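Presented below is the structure to which this report refers.
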Amino acid sequence: MVRIKSLWILLILSQMVFTQEVRELALAKGMQPLPDSFEELAKYFKDSATPLTREKVILGKKLFFDPNLSLSRQISCASCHQFDLGGADGLPTAIGHEGLANPSHLNSPTVFNTAFSKYLFWDGRSRSLEDQAK
Ligand code: HEC
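Structural data, given as C-alpha cells:
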C-alpha cells in the first residue's frame, strides 16, 4: 500500500516538473500567460480599431446567448460554442438551422481566446474576428 502511495507521489511530482519545464519553454518562446483582469485584457486592444470596453463585453455576452439572432430564433452562438464544453459542442459535425449538419462536415472549434488568434476557421482563411463574423 505504501509503495502505491509513493508511486503516485512520484508521478505527481514528475508531472509538476514537466509542467514547469513546458511553461518555461513557452515563456522563452515569447508566449505570455492570459490576462487575468479586464484592465490587463483591455491593454492588448488599446491600439486596435475596435478597443475593448466593458459595454462591449456586456453586449457581446448578451448577443452570444441570444437565439433571436438566428432565422429560427432557436439557435444562438452558445448552441455550438458551449462554455461548459470548452467553447465547442463536442459533436463530430456542427448541427445548425433546422437540425441540419454542417454541409462541409465541420465541427465547432472552441471560441476561447480567439481574440488572440492569427488565423481563424479550420482552414485559417480568416485573419480576425471582425472578418470571421462577415
Ligand atoms: C451551428 C453551429 C454554430 C453556431 C450557431 C455558431 N458557430 Fe461559430 N463555428 C461553427 C463552426 C462549424 C465553425 C468552423 C467553421 C469553419 O472552419 O469553416 C465555427 C467557427 C467559429 C469561430 C472561429 C474559431 C476558430 O478558432 O477558428 C468563431 C470565433 C465563431 N465560430 C464564433 C461564433 C459566434 C460569435 C457565433 C454566433 C454569432 C457562432 N460562432 C455561431 C459552428 C457554429
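When we follow the numbering used here, the leftmost residue of the sequence shown carries the number -18, and every step to the right adds one. Heads up, the beta-carbon is just placed ideally off N, CA and C, and yes, glycines get one too. Predicted model only: the values in this text are computed from it and were never measured.
Supposed close pair residue i, residue j - CB separation, criterion 8 Å
i	j	result
Thr91	Gly67	5 Å
Pro73	Asn88	6 Å
Distance, residue j Cα to residue i Cα
i	j	result
Ala23	Ala69	24 Å
Leu33	Trp(-11)	45 Å
Phe(-1)	Glu5	10 Å
Ile(-15)	His62	41 Å
Local conformation of residue i per DSSP, three classes
i	result
Ile39	helix
Ala96	helix
Leu101	strand
Ser18	coil
Ser107	strand
Proximal residues to residue i (C-beta, below 8 Å), its chain only, five neighbours per side dropped
i	result
Ala59	Phe45, Phe46
Contacts around residue i, its chain only, beta-carbon distance under 6 Å, and the 5 residues preceding and following it disregarded
i	result
Leu101	Ser107, Gln113
Residue i, enclosing alpha helix (DSSP H) - first and last residue
i	result
Leu6	-17 to 9
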